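According to the working numbering, the sequence shown holds residues 1165 to 1524 in order.
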Amino acid sequence: MLFFFFFGKKKTNKHRYVTIRIKMDHTTALDAIQQGVEKLDEAYQKDDGSFVLKVVGQEEYIYGRRKIVDYEAVRNSVRNEDDVEFVLLKRPDFKQRIEEEKTKQQHYTNMFKSAYPPKVNESGFFYEDKVAEKIINGTGVNNGNESTACDFLPETAISLYECDWNYRLKIEGLTNCCALPRFEEATMKSVYVVAELWVGDMMFESATLQTENATAKNEIRWGSWLSSRSLTFSQIPREAILCFQVMGVGDNGAPRCLAWCRMPLVDHRHRLRRSKYLLNMWEIPSFKVEKDGPKTDPYAPRAFRYRGATRDKHVKHIDLDQCQVMFYIQFVFEVIQTMSCLIFCGLNSCWLNLMNLPLM
């Protein structure tokens, strides 16, 4: 079957139309482009690969070695016995577009720096959850019936977008993972913890961190820092959500999520989370096919990673000194520059340290 194509090329304020007759079953998009380029001026006949065909009236582009008849616009025209009209366009130079976008980004960066001060500090910044404790300690008395000093040490806060530290966290350990409903002792021999960073339903691929596989037992310790070399805290939006998952690996090597929890990276006071937290994770119930129940596992797609609850079952603040006495006598803590989280999965727990700064 034969039919006609019309190529349009701008020439001053007019268009030049060229009719080309091709074989529908054999001609590819590249062949049609070559025939159209041959009708152009000599200055444009150097590189056939720099041109594409656009269907007039539709957002469909034709190029490459794909057959003409495989495109939907062509098939509809053949079915209706209509002519197909294309316009021959020159491909944009992607390297040039990248350079232009970089120039725009640099321009916006310079405008932002000139509009705001380089560093925003507040010497009189206090943590709300520490003020009451300091007042009680300052007004109390010791064993010698002497008043204790009330010393409010100011803490410095910087903007999140000025923090150039790499995003990192430390997972200290995991306990009692064998008590989870979906843990199968006969097939699952190892477990690991995954920490993902989500903004809405979009995940930061470069911020996905996970521990090494460890033998499944009641108490597991890792204690190693996990960091992202390509992502800094200044590049993380304030709406970012941390999603922790306990994964079990079976004999076939396929991982299965056993428990999960989500928590905002920035709290309600617009500051990065700091100090230690005791988190009760959400366990995933076991799935059995019933007569009137669902036929597929609703937890298989793991949609809870981006639309689950943004808090755990139970959140309890733990003082740093108490944590050292209770669990971490052998660990050294960076009190000022780190945030530590203690996460429990029901009876299952994993410990985390996150590099952190307070936010304005």
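Just so it is clear, CB atoms sit at the ideal spot from N, CA and C, and this is done for glycine as well. Everything numeric in this text was worked out from a predicted model, so none of it was measured.
Exercise. Opposite Asn1330 in the DSSP bridges: which residues?
Worked result: Thr1396
Exercise. Hey, is the segment 1225-1242 in contact with the segment 1191-1200, meaning 3+ C-beta pairs nearer than 8 angstroms?
Worked result: yes
For this session: Could you say if the segment 1360-1373 and the segment 1343-1352 meet the contact criterion of at least three C-beta pairs nearer than 8 angstroms?
Result: no
Exercise. So does the segment 1408-1427 actually touch the segment 1381-1388, counting three or more Cβ pairs closer than 8 angstroms?
Worked result: no
For this session: Check Lys1459 in the structure and name its three-state DSSP category.
Result: coil
For this session: Given a cut-off of 7 angstroms, decide if Trp1389 and Lys1334 are closer than it, judged by their beta-carbon atoms.
Result: yes
For this session: Report buried or exposed for Asn1444, applying the criterion of at least 16 other Cβ atoms within 10 angstroms of its Cβ.
Result: buried
Exercise. With distances taken from CA atoms, which of Gly1337, Asp1365, Arg1332 and Pro1401 is nearest Pro1465?
Worked result: Asp1365
Exercise. Using the C-alpha atoms, what's the distance from Ser1214 back to Glu1245?
Worked result: 30 angstroms
For this session: Can you tell me which of the three DSSP states Ile1448 falls into?
Result: coil
For this session: Would you list the one or two residues that DSSP bridges to Ile1226?
Result: Leu1217
Exercise. Between the segment 1324-1340 and the segment 1390-1401, are three or more C-beta pairs nearer than 8 angstroms?
Worked result: yes
Exercise. Would you call the CB atoms of Val1251 and Lys1218 closer than 7 angstroms?
Worked result: yes
Exercise. For Glu1360, which three-state DSSP category applies?
Worked result: strand
Exercise. Helix, strand or coil for Phe1368 per DSSP?
Worked result: coil
Exercise. By DSSP, does Thr1273 sit in helix, in strand, or in coil?
Worked result: helix
For this session: Determine the DSSP secondary structure at Arg1255, reduced to helix, strand or coil.
Result: coil
Problem set entry | Check whether Ser1392 and Tyr1331 have beta carbons under 7 angstroms apart | yes
Exercise. Given Glu1264, which residues of its chain have a CB within under 6 angstroms of its CB, disregarding the five upstream and five downstream residues?
Worked result: none
Exercise. For Val1109, which of Gly1221, Leu1442, Gln1222 and Val1248 has the nearest alpha-carbon?
Worked result: Nothing in the structure corresponds to residue 1109, since the chain is present only between 1165 and 1524.
Exercise. Cα-Cα, which of Val1220, Glu1454 and Tyr1470 is closest to Ile1405?
Worked result: Tyr1470
Exercise. How long is the line joining the alpha carbons of Ile1184 and Phe1258, rounded to whole angstroms?
Worked result: 29 angstroms
For this session: Give me whichever residues DSSP pairs with Val1413 in a beta bridge.
Result: Ser1354 and Pro1419
For this session: Kindly list the residues whose CB is nearer than 8 angstroms to the CB of Arg1239, restricted to its own chain and excluding five residues on each side of it in sequence; keep chain order.
Result: Val1233
Exercise. What's the C-alpha gap between Ala1380 and Gly1412?
Worked result: 8 angstroms
For this session: For the alpha helix (DSSP H) holding Val1201, just list the boundary residues, first then last.
Result: Ala1193 to Glu1202
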